[in-house]
Amino acid sequence: MLTKPRIIKGNSARRTPSTMVALEVVSSVEALPETKTLKRGIYVPVLTFFTGEHGAVLDLEAFEKHIAYVATSGVAGIVALGSTGEAVSLTDDEKVTLVRSTRKAMNACGCSDMPLIAGAGGHSVVTARASLAAMASAGASHALVLPSSYYPNQLGAPAALDFYTAIADSSPIPILIYSYPGVCSGINLSSDVTRKLSHHPRIRGVKHTDHDIGKMARNCALPAAAGDGVHFFVLGGASDYLIGALAVGAHGTITGMGNIAPRAVVQLQRLFDQGRHPEATELQHIVSLAEWELGKGGVPMHKALVDSFHGYGGLPRAPLQPSPKETVQQAVTAFHRLMQVEQELAKST
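Quick note on numbering: the numbering used here labels position 138 of the sequence shown as 316, and the sequence is numbered without any gaps.
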């Protein structure tokens, strides 16, 4: 049975002395110097590749090949250890290995200045801090952090604000909030919460895998998200509605579609940013039709399509099952026009 999303609002829980400061997000820490600056554009949550029975072994050769392919396609940054990267199926040691391999591959292909955002966090402040320290040591420039959600009935706005403030205060790298109710017991961080957190010098943005355009619009209206010197980046969680997100002020998106057709998604945002809206709308239709089929199959379908179009991909780690062949073929057909666009763009660059 589906869990009804719980909207965590800024005033949804009684204030106690321990939460009064957090509700105002008063922090004495300074902003961190960023050697890998976040920019407007497309960020790709890269797949993780495996070999062996049940996917027991990391396929670092395929992984680093994929990093080079994506990083050199015009994207603004790479996201490792996200939902698309099967982060929940990885050991702590594997996570460190993958972030190191990502940075190694990015450096090798001439993308050493590109941001590397690593999925990090935990269900307590202590475990989240340890995760952030490990990701920073491995080479991540930023971290993408889900809210604590294991005890959802006891986690209102004060707890969310305390959690993000506490981990940001001590984080060695800037963090982005990850709003994803689907994997967080239905916890849906409201724009009241993100508004307060946007003032923190080490909280640099939010990823909206809540797919809520209205919430994105409210976050884009924040002073920290406006102007040339953007402090708080607002990113969508898919490319299915990219120009809709851009129209309300979003700075880009983190989209799994970038594993398959990165140049096409980059071109979609470029067309919109250049004011070529009819062309952007036409390409958005092509992207959305393909992404609908991709979304039906989740991570296994992502891998099957990378395998179909790029010659590597492999299987997801158990217990995830590979997509049925007939379903993959249906998706390949749906991707035909998009991959034509991708190939045309590859030839022109």
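In this text, a Cβ means the ideal position worked out from N, Cα and C, and glycines have one as well.
Scanning Ala209, Val277, Lys214 and Val412 for the CA closest to the CA of leucine 238 turns up Val277. Counting the other Cβ atoms within 10 Å of the Cβ of histidine 244 gives 16 or more, which makes it buried. In this structure alanine 318 does not touch alanine 346 by the C-beta definition: roughly 15 Å separates them, more than the 8 Å allowed. For isoleucine 245, the enclosing alpha helix (DSSP H) has its first and last residue at 238 to 249. Taken through DSSP and simplified to helix, strand or coil, leucine 472 comes out as helix. The beta carbon of valine 426 lies closer than 7 Å to those of Ile391, Met394, Ala395 and Cys398 in the same chain, with the five residues before and after it left out. The beta-bridge partner set that DSSP reports for alanine 258 consists of Ala296. Here glutamine 499 is exposed: its Cβ has fewer than 16 other Cβ atoms, across all protein chains shown, within 10 Å.
Pairing valine 443 with isoleucine 256 gives a Cβ-Cβ distance that is not under 7 Å. Between the C-alpha atoms of glutamate 242 and leucine 413 there is a straight-line separation of about 25 Å. Around the beta-carbon of serine 348, fewer than 16 other beta-carbon atoms lie within 10 Å, marking it exposed. Serine 357 sits in a strand when the DSSP states are folded into three classes. Contact between the stretch 277 to 291 and the stretch 358 to 371 is absent: fewer than 3 CB-CB pairs across the two stretches fall below 8 Å. Going by beta carbons, serine 251 and arginine 441 fall inside the 7 Å limit. Pairing valine 484 with isoleucine 421 gives a Cβ-Cβ distance that is not under 7 Å. DSSP places lysine 385 in the strand class (E or B) of the three-state scheme.
When DSSP states are grouped into helix, strand and coil, tyrosine 342 belongs to the helix group. Glycine 405 has its alpha-carbon roughly 32 Å from the corresponding atom of glycine 360. Cβ neighbours of alanine 265 within its own chain (closer than 6 Å, five residues either side excluded): Leu259 and Gly297. Approximately 4 Å separates the beta-carbon atoms of glycine 383 and leucine 354; this is inside 8 Å, confirming the contact. Cα atoms of proline 401 and arginine 380: separation of roughly 16 Å, rounded to the nearest angstrom.
Scanning the stretch 424 to 486 for uninterrupted alpha helix (DSSP H) segments of 4 residues or longer gives 440 to 451, listed from N- to C-terminal end. For threonine 226, the closest C-alpha among the options His409, Ala240, Ala321 and Gln518 is that of Ala240. Cβ atoms of isoleucine 464 and valine 519 come within 8 Å of each other, at about 6 Å. The criterion of a C-beta distance shorter than 7 Å is satisfied by lysine 385 and glycine 415. With respect to glycine 300, leucine 324 sits apart: the two C-beta atoms are not nearer than 7 Å.
If you ignore the 5 residues before and after glutamate 272, its C-beta comes within less than 7 Å of the C-beta of Leu236, all in its own chain and listed in chain order. Setting aside the 5 residues that flank it on each side, valine 506 is surrounded in the same chain by Ala482, each with a C-beta closer than 6 Å to its C-beta; the list follows chain order.
The residue among Lys214, Met435 and Ala209 with its C-alpha nearest the C-alpha of phenylalanine 487 is Met435.
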